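Those letters in the sequence shown? Residues 458 to 880, per this note's numbering, in order. Below: one structure, written as structure tokens.
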Amino acid sequence: MRVEQEKKTGNVESVTLEQVPMEERKSWADVAMIQAGIMICVPSLMLGGILAESMPMSQAIWSGVIGYAVIVALMIFCGIMGSDLGVPTCVVASGVFGKQGSSKLISALFMISMIGWFAVQNGVCGSAFSNLIEASTGVKIPIPVSTVVWGIIMLVTAVYGINALDKLNKIAIPALVIVTVIGCVVAIQRFGTGNLSMTIEDPAMSFADGVVLTISFMATGALNAPDFTRYQRTRKDTVLSSAIGVMPAGMAMLILGAVMTRIAQQYDISLVFSNIGLPFLGMVVLILATWTTNTTNAYSAGLNAVMVFNLKESGRSMATVILGAVGTVLAAVGVAGNFEGFLTLLGNAFMPIIALFIVEYWSLGKGKAENFTLREGWSVAGIVTWALGFAATFLTVGISFINGMLVSGILYLVWRLVKKGDK
Numbered sequence: 458m459r460v461e462q463e464k465k466t467g468n469v470e471s472v473t474l475e476q477v478p479m480e481e482r483k484s485w486a487d488v489a490m491i492q493a494g495i496m497i498c499v500p501s502l503m504l505g506g507i508l509a510e511s512m513p514m515s516q517a518i519w520s521g522v523i524g525y526a527v528i529v530a531l532m533i534f535c536g537i538m539g540s541d542l543g544v545p546t547c548v549v550a551s552g553v554f555g556k557q558g559s560s561k562l563i564s565a566l567f568m569i570s571m572i573g574w575f576a577v578q579n580g581v582c583g584s585a586f587s588n589l590i591e592a593s594t595g596v597k598i599p600i601p602v603s604t605v606v607w608g609i610i611m612l613v614t615a616v617y618g619i620n621a622l623d624k625l626n627k628i629a630i631p632a633l634v635i636v637t638v639i640g641c642v643v644a645i646q647r648f649g650t651g652n653l654s655m656t657i658e659d660p661a662m663s664f665a666d667g668v669v670l671t672i673s674f675m676a677t678g679a680l681n682a683p684d685f686t687r688y689q690r691t692r693k694d695t696v697l698s699s700a701i702g703v704m705p706a707g708m709a710m711l712i713l714g715a716v717m718t719r720i721a722q723q724y725d726i727s728l729v730f731s732n733i734g735l736p737f738l739g740m741v742v743l744i745l746a747t748w749t750t751n752t753t754n755a756y757s758a759g760l761n762a763v764m765v766f767n768l769k770e771s772g773r774s775m776a777t778v779i780l781g782a783v784g785t786v787l788a789a790v791g792v793a794g795n796f797e798g799f800l801t802l803l804g805n806a807f808m809p810i811i812a813l814f815i816v817e818y819w820s821l822g823k824g825k826a827e828n829f830t831l832r833e834g835w836s837v838a839g840i841v842t843w844a845l846g847f848a849a850t851f852l853t854v855g856i857s858f859i860n861g862m863l864v865s866g867i868l869y870l871v872w873r874l875v876k877k878g879d880k
């Protein structure tokens, strides 16, 4: 693959689809902070709350541990592809689906998914900000205004790229951890710890279901790992940034969400903070948590837009602005929440792609960058086996994402071995 030196306008990142030069790569700690920023979000707290409401506390925590361990393993496999090749997920996908298949189908789905979630989380942030300001000061700020303002702020960070993400997370993550722990301590002082040992008479979810829910929650993050690990120098750096960035942050948020849900009987973090008399801290947590996660959504959407529309390397920033503006408008007019079911469906479609990546690079390619080939046109093997794997996620037997990964992975491996050199 051709290597092109990074060009910058101001401090705006402009290496998009080309291989990231080694001198532009970062330490594992820098990327780990970005990964942690993705994990420290309101949905992570809600995941802990859902698990704590549905099963005994110990099972809720252990299902999270196992689920996140699986995610970290998948993230490492996909992430090493990014660090070995120095390219984002949408380019890695060209090795499986062909350049046309990746740009016109897979990258388009990635782009829609990322900007869709940007809109959903932006809407949640804007609504909560307006509600908390009114509750604490009596000042009414229209929700669309709050949504637009915070959408612009998040978008600016995404436009500047990896360096801005790094700086944001170095400030936001310590602040989030401190404020959330303070809230948890105050909640315990206010409500006591009696509910932590509360028995769940009729568990709404099995232990296995809890593991599956945790894995499904971060599946897209595992697939998009190369977007950020392309800035890693070595495989060791990728392993460290994935394990240390994801596992501690994810489990901390899950446990805090579970504890708050049990003691306050509420997993909406902003309401918990309001109930304990700390609405301002609740607003800080909500905004920072949404900001660190949503910025990466817009960033990944911009990367995929360059692939979809065949833009120049420097076009990522403008693509990010346009897509972010679309997401902000959708959030401001209040329709983003209607997309959540569709976005969840797209998430199910991504798990079979992880299996295809692993088979192509680690099995057929022996885990060596020199064996990786960017296929031209449309790869029938990749598209057909992915479609069959996606269909398998709807089977009523077994576990949906495992069904999809097994069907896609096995069929793709057999296809490639039988028809070597064929599409």
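Idealized CB from N, CA, C, for every residue including glycine. It should be emphasised that the depicted structure is a prediction, and the values quoted were computed from it without experimental measurement.
query: Are Gly-702 and Val-488 close, meaning C-beta to C-beta below 8 Å?
result: Contact: yes.
Burial state of Gln-455 (16 or more Cβ within 10 Å): Within the shown structure, residues of the chain are numbered from 458 to 880, placing residue 455 beyond reach of any answer.
- request: Please work out which residues of its chain come closer than 6 Å, Cβ to Cβ, to Ala-756, disregarding the five sequence neighbours upstream and downstream, and give them in chain order.
  value: In the sequence under discussion, the amino acid at residue 756 is Tyr, which differs from the Ala named in the question. Cβ within range, chain order: Ala-615.
- request: For the alpha helix (DSSP H) holding Tyr-869, just list the boundary residues, first then last.
  value: Unbroken alpha helix (DSSP H) run through Tyr-869: 857-875.
- prompt: What residues are listed by DSSP as bridge partners for Gln-689?
  reply: Gln-689 pairs with Lys-483.
query: What does a CB cutoff of less than 8 Å around Pro-705 pick up in its chain, not counting 5 residues either side in sequence?
result: Answer for Pro-705: Ala-493, listed in chain order.
At least three beta-carbon pairs within less than 8 Å, the segment 547-563 to the segment 838-857: Touching, yes, given that three or more Cβ pairs across the two stretches are closer than 8 Å.
- request: Could you give the DSSP three-state label for Gln-722: helix, strand or coil?
  value: DSSP, read as helix, strand or coil, puts Gln-722 in coil.
message: Using C-beta distances below 8 Å, list every residue in its chain close to Ser-570, excluding the 5 sequence neighbours before and after it, in chain order.
response: Scanning its chain for C-beta atoms nearer than 8 Å, with the 5 sequence neighbours on each side dropped, one finds around Ser-570 the residues Thr-677, Leu-800, Leu-803, Gly-804, Phe-807, in chain order.
query: Gly-651: buried (16+ other C-beta within 10 angstroms of its C-beta) or exposed?
result: Looking at its Cβ environment, which holds fewer than 16 other Cβ atoms inside 10 Å, Gly-651 is exposed.
message: On the DSSP letters alone, give me the boundaries of the alpha helix (DSSP H) that Leu-780 sits inside.
response: In the DSSP assignment, Leu-780 falls within the alpha helix (DSSP H) that extends over 773-789.
field: Nearest-angstrom Cα separation, counted from Val-499 out to Gly-595
entry: Spanning the two alpha carbons is a distance of roughly 25 Å.
message: At 4 residues or longer, what runs of the alpha helix (DSSP H) sit wholly inside the segment 646-695?
response: If you keep only unbroken alpha helix (DSSP H) runs of at least 4 residues inside the segment 646-695, you get 664-680, 683-686.
message: Please list the terminal residues of the continuous alpha helix (DSSP H) segment that includes Met-503.
response: Residues 499-511.
Exposure of Leu-852, with buried meaning 16 or more beta-carbon neighbours within 10 Å: Under this definition Leu-852 is an exposed residue.
query: From Glu-827, Leu-711, Gln-723, pick the residue whose C-alpha is nearest to that of Ser-501; which is it?
result: Minimum Cα distance to Ser-501 is reached at Leu-711.
query: Roughly how many whole angstroms lie between the Cα atoms of Lys-464 and Leu-768?
result: Residue confidence is low: Lys-464 scores 45 on pLDDT, short of 50, so the model does not pin down where it sits. Its coordinate-derived value is still stated next. Spanning the two alpha carbons is a distance of roughly 15 Å.
message: Tell me the rounded alpha-carbon separation between Lys-876 and Ala-848.
response: Distance between the alpha carbons of Lys-876 and Ala-848: 23 Å.
Residue(s) in a DSSP beta bridge with Gln-516: According to DSSP, Gln-516 bridges with nothing at all.
query: In whole angstroms, what separates the C-alpha of Val-634 from that of Asn-828?
result: In a straight line, the C-alpha of Val-634 is about 42 Å away from that of Asn-828.
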